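Each residue of the sequence shown is one higher than the one before, starting from 179 at the first, in this note's numbering. Using N, Cα and C, we set each Cβ at its ideal position, and we do this for glycine too. The structure presented is a predicted model; accordingly, all values stated were derived computationally and were not measured.
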Amino acid sequence: MFLSKEDVSKFPNPLFVAFEGAIIVRLLPHATRAFVYDITFHLKHPRLLALNSKKPPLHFHPYQKEYMQVLEGELFVEVDGVEMALAPEHGEITVRPWQHHRLYPHPSGGRDTMRFLLSADDTPESFKIDNVFFQNWYAYQDEVVLHKGGHFDVLQVMNMFDAGGSYLSLPTWMPFRCQISRAAGILLGRWIGGLAGYQPFREEWTTEWELACKKMSETWTLRRFAHGIQ
179 MFLSKEDVSK
189 FPNPLFVAFE
199 GAIIVRLLPH
209 ATRAFVYDIT
219 FHLKHPRLLA
229 LNSKKPPLHF
239 HPYQKEYMQV
249 LEGELFVEVD
259 GVEMALAPEH
269 GEITVRPWQH
279 HRLYPHPSGG
289 RDTMRFLLSA
299 DDTPESFKID
309 NVFFQNWYAY
319 QDEVVLHKGG
329 HFDVLQVMNM
339 FDAGGSYLSL
349 PTWMPFRCQI
359 SRAAGILLGR
369 WIGGLAGYQP
379 FREEWTTEWE
389 LACKKMSETW
399 TLRRFAHGIQ
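Written as structure tokens, this is what we have:
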């Protein structure tokens, strides 16, 4: 059974819903981490099936540790070229700063749902993975998948990733791949992208719009998108 809008409303305070109910994200309280998400994937939802097991982009975070813990089903986690099927018995795993990684649902097992916890350390950096970044990143994916035929704008992705303290991984054979990727994210995503009209956060996608404006106001190329911030 797939979730309708009425079904989604029964979930206690979802932070956001993606792909017409295929992914449900709820925010859990935590004293020391930047966020803790309880994420449910409905594996037989047609929107997920239409993606045909496409993997998300390989990326890294320079400033934050990220944590994953599976509650139901299995989650594929790839870290520095090593892929594992994470299950509840494995407990929580940690992805350290600068490690190249991605995660996605396990395509087999016959289950209808997969559920896991995703969290990260906090950091004093303004551009980091947090509620503002994830709400906008999932909303952008929604827009692309539902209305733009699945065609992602690379400059928009780099613009959003940089504002979320995240950078796309370059090929392993490239020397200084992390440093080059981060520099490219800042140059192309933040500066050139910002000047070209790309913005990492949109008001209609963001519940903490004042915080999003504060983040954007700290960068000269993004300041014009920070409505209402003096």
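Excluding the 5 residues flanking it on each side, Val214 has same chain C-beta neighbours closer than 8 Å at Leu205, Leu206, Pro207, His208, Leu295, Leu296 and Ser297, in chain order. Contiguous beta strand (DSSP E) elements confined to the segment 205 to 259 occur at 211 to 220, 244 to 250 and 253 to 257, taking only those with 3 or more residues. Distances from the alpha-carbon of Val257 to those of Gly269, Leu236 and Pro240 put Leu236 closest. Taking a contact to require three or more Cβ pairs closer than 8 Å, the segment 278 to 285 and the segment 306 to 313 do not qualify as touching. Taking one beta carbon from each stretch, the segment 337 to 348 and the segment 264 to 274 have fewer than 3 pairs nearer than 8 Å; the two do not touch. A check of alpha carbon separations from Glu252 across Val260, Phe219, Pro378 and Arg380 identifies Phe219 as the nearest. Ile201 sits away from Arg293, with the two beta carbons spaced by 8 Å or more. Across the set Met246, Gln319 and Leu227, the C-alpha of Gln319 shows the shortest separation from the C-alpha of Phe194. Put simply, of Asp299, Asp290 and Phe238 the residue whose alpha carbon is nearest the alpha carbon of Tyr245 is Asp299. As the crow flies, the alpha-carbon of Gly328 is around 30 Å from that of Ala212. Your pair Pro275 and Arg360 does not check out as a contact, with CB atoms roughly 11 Å apart and the cut at 8 Å. Taking the Cα of Gln247 as reference, the smallest distance to any Cα among Pro266, Ile358 and Pro234 is reached at Pro266.
Taking the Cα of Leu249 as reference, the smallest distance to any Cα among Phe238, Leu264, Gly259 and Met394 is reached at Leu264.
Leu333 is a Cβ neighbour of Leu366, given a cutoff of 8 Å. With 16 or more other Cβ atoms inside 10 Å of its own Cβ, Leu400 counts as buried. When C-alpha distances from Arg380 are compared across Glu198, Glu321 and Leu221, the shortest belongs to Glu321. In the same chain as Lys222, and ignoring 5 residues on each side of it, the C-beta atoms closer than 6 Å to its own belong to Asp290, in chain order. Collapsing the DSSP output to three states places Glu198 in a helix.
Minimum Cα-Cα distance from Gly375 among the listed residues Gly288, Phe354, Pro353 and Met338 corresponds to Met338.
Judged by DSSP secondary structure, Ser395 falls outside any beta strand (DSSP E) and instead within the alpha helix (DSSP H) spanning Trp387 to Ser395. About 18 Å separates the CB atoms of Arg225 and Phe254; that is not less than 8 Å, and the two are not in contact. For the options Pro302, Ile358 and Trp398, the alpha carbon positioned closest to that of Gly371 is the one of Trp398. CA-to-CA, the gap between Ser395 and Glu382 works out to about 18 Å.
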